[in-house]
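Below: one structure, written as structure tokens.
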Amino acid sequence: MRRALRLMEAVASHTDGAPAKQLAREAGLPLPTAYHLLRTLAYEGYLRRENGVFVFGEAAVRLAMGGAMQNRRTKIEESLAHWRDSIGVPVHFALYRELEIELVAVADTPYAPAVDEWADFRETGHAHALGQCLLGQLDERARKDHLARHPVDRITPHTVPDRGGLLERLGAMGQMQPVIERQEYALGTVCAAIPVTVGSTAGAMAISLPLHQEGRLVPAVEQLRSGVGAMLGSVAFSISI
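Counting in full-length UniProt numbering, the sequence shown runs from 1 upward without gaps.
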């Protein structure tokens with residue numbers, strides 16, 4: 001395993017690949033051993049031979065992409081934890097990807113728990129702040145398409161009553177303004193979300209609080225919004241996951 005990794009490291013140092021003899025020399029391996037390992041790595045898809053040189057294969061690319069994705073997800077979770085601790089509220093992060101609402105990460109504590117996902121977030125985007133914030137960033141056609149697949153349904157007495165009412169609300173939303181939701185998704189809970197858009201991907205961050213702490217909601221989400229710009233400008237918070 002260690003010798004195979006040395007060969008992979010040698011391949012990585014050559015953008016256009018390198019021949020077996022050169023890779024053996026750089027990895028400090030006897031040529032017969034290097035040949036055997038290179039053939040094995042090629043068979044498994046980690047390398048491939050092109051015009052007499054070895055380059056990375058599809059399996060190695062998938063492995064690298066998986067590691068990069070996990071690293072970005074960890075960075076996102078660390079960023080959310082930072083805001084959870086500095087503001088003292090649970091923080092959620094979601095994307096609108098592949099025509100669905102995707103809850104990416106949540107940072108909370110036993111003393112300040114996030115709202116319980118008692119109804120599927122993907123199905124109930126009309127009722128919670130994250131979903132309304134994401135739908136508000138879509139164009140009219142995409143918004144109506146989403147609601148055709150996930151119809152508006154009252155899940156609490158406070159949920160927006162129908163599709164028309166929701167579309168009217170979404171159309172009236174100010175760009176980049178917080179979305180406030182009071183007990184529409186869960187009784188006894190208030191939420192606020194802000195849009196987080198990078199490139200063509202719609203994203204949103206949200207906070208949730210128990211109803212008796214509603215007075216903290218707007219100041220907390222404003223504190224979150226004031227720091228999001230700096231967060232997005234750093235490598236630590238890429239939503240390309």
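Think of the CB as a built atom: it goes at the ideal place given N, C-alpha and C, for glycine as much as any other residue.
Note that the structure is a prediction, hence the values are computed from the model and not measured.
- Beyond the five residues adjoining it in sequence on each side, residue 52 comes within less than 8 Å, by CB distance, of 19 in the same chain, given in chain order.
- DSSP links residue 106 through a beta bridge to 92.
- Counting only residues of its own chain and dropping the five nearest sequence neighbours on each side, residue 187 has a CB closer than 6 Å to the CB of 156.
- Around the beta carbon of residue 12, fewer than 16 other beta carbons lie within 10 angstroms, which makes this residue exposed.
- Excluding its 5 nearest sequence neighbours in each direction, residue 116 has C-beta neighbours in its own chain below 8 Å: 186, listed in chain order.
- DSSP places residue 76 in the helix class (H, G or I) of the three-state scheme.
- For residue 44, the secondary structure class from DSSP, reduced to helix, strand or coil, is coil.
- 153 is the residue among 82, 222, 50 and 153 whose C-alpha sits nearest the C-alpha of residue 121.
- Taking C-beta atoms as the reference points, residue 5 and residue 41 fail to come closer than 8 Å.
- Leaving aside the five residues that flank residue 37 on each side, the residues in its chain whose CB is nearer than 8 Å to its CB run, in chain order, 3, 4, 7 and 29.
- In the three-state DSSP reduction, residue 97 falls in the strand class (E or B).
- Counting C-beta pairs with one atom in each stretch, the stretch 160 to 167 and the stretch 189 to 204 have fewer than three that are closer than 8 Å, which means they do not touch.
- For residue 11, the uninterrupted alpha helix (DSSP H) run begins and ends at 2 to 12, by DSSP.
- Around the beta-carbon of residue 202, 16 or more other beta-carbon atoms lie within 10 Å, marking it buried.
- The C-alpha of residue 143 lies about 8 Å from the C-alpha of residue 136.
- Only exposed fits residue 218, as fewer than 16 other CB atoms lie within 10 angstroms of its CB.
- In this structure, DSSP gives residue 186 a state outside helix and strand, which the three-state scheme calls coil.
- Taking the Cα positions, residue 206 is about 17 Å away from residue 97.
- A residue is called buried once 16 or more other Cβ atoms fall within 10 Å of its Cβ, and residue 208 is buried on that count.
- Segment contact: the stretch 76 to 84 against the stretch 94 to 114, three or more CB-CB distances shorter than 8 Å; contact assigned.
- Put simply, of 224, 48 and 148 the residue whose alpha carbon is nearest the alpha carbon of residue 179 is 224.
- Taking C-beta separations shorter than 8 Å and ignoring five residues to either side along the sequence, the partners of residue 170 in its chain run 132, 135, 136 and 143, following chain order.
- For residue 121, there is no enclosing beta strand (DSSP E), as DSSP gives it neither H nor E.
- By the C-beta density criterion, residue 174 is exposed, having fewer than 16 other C-beta atoms within 10 angstroms.
- DSSP places residue 142 in the helix class (H, G or I) of the three-state scheme.
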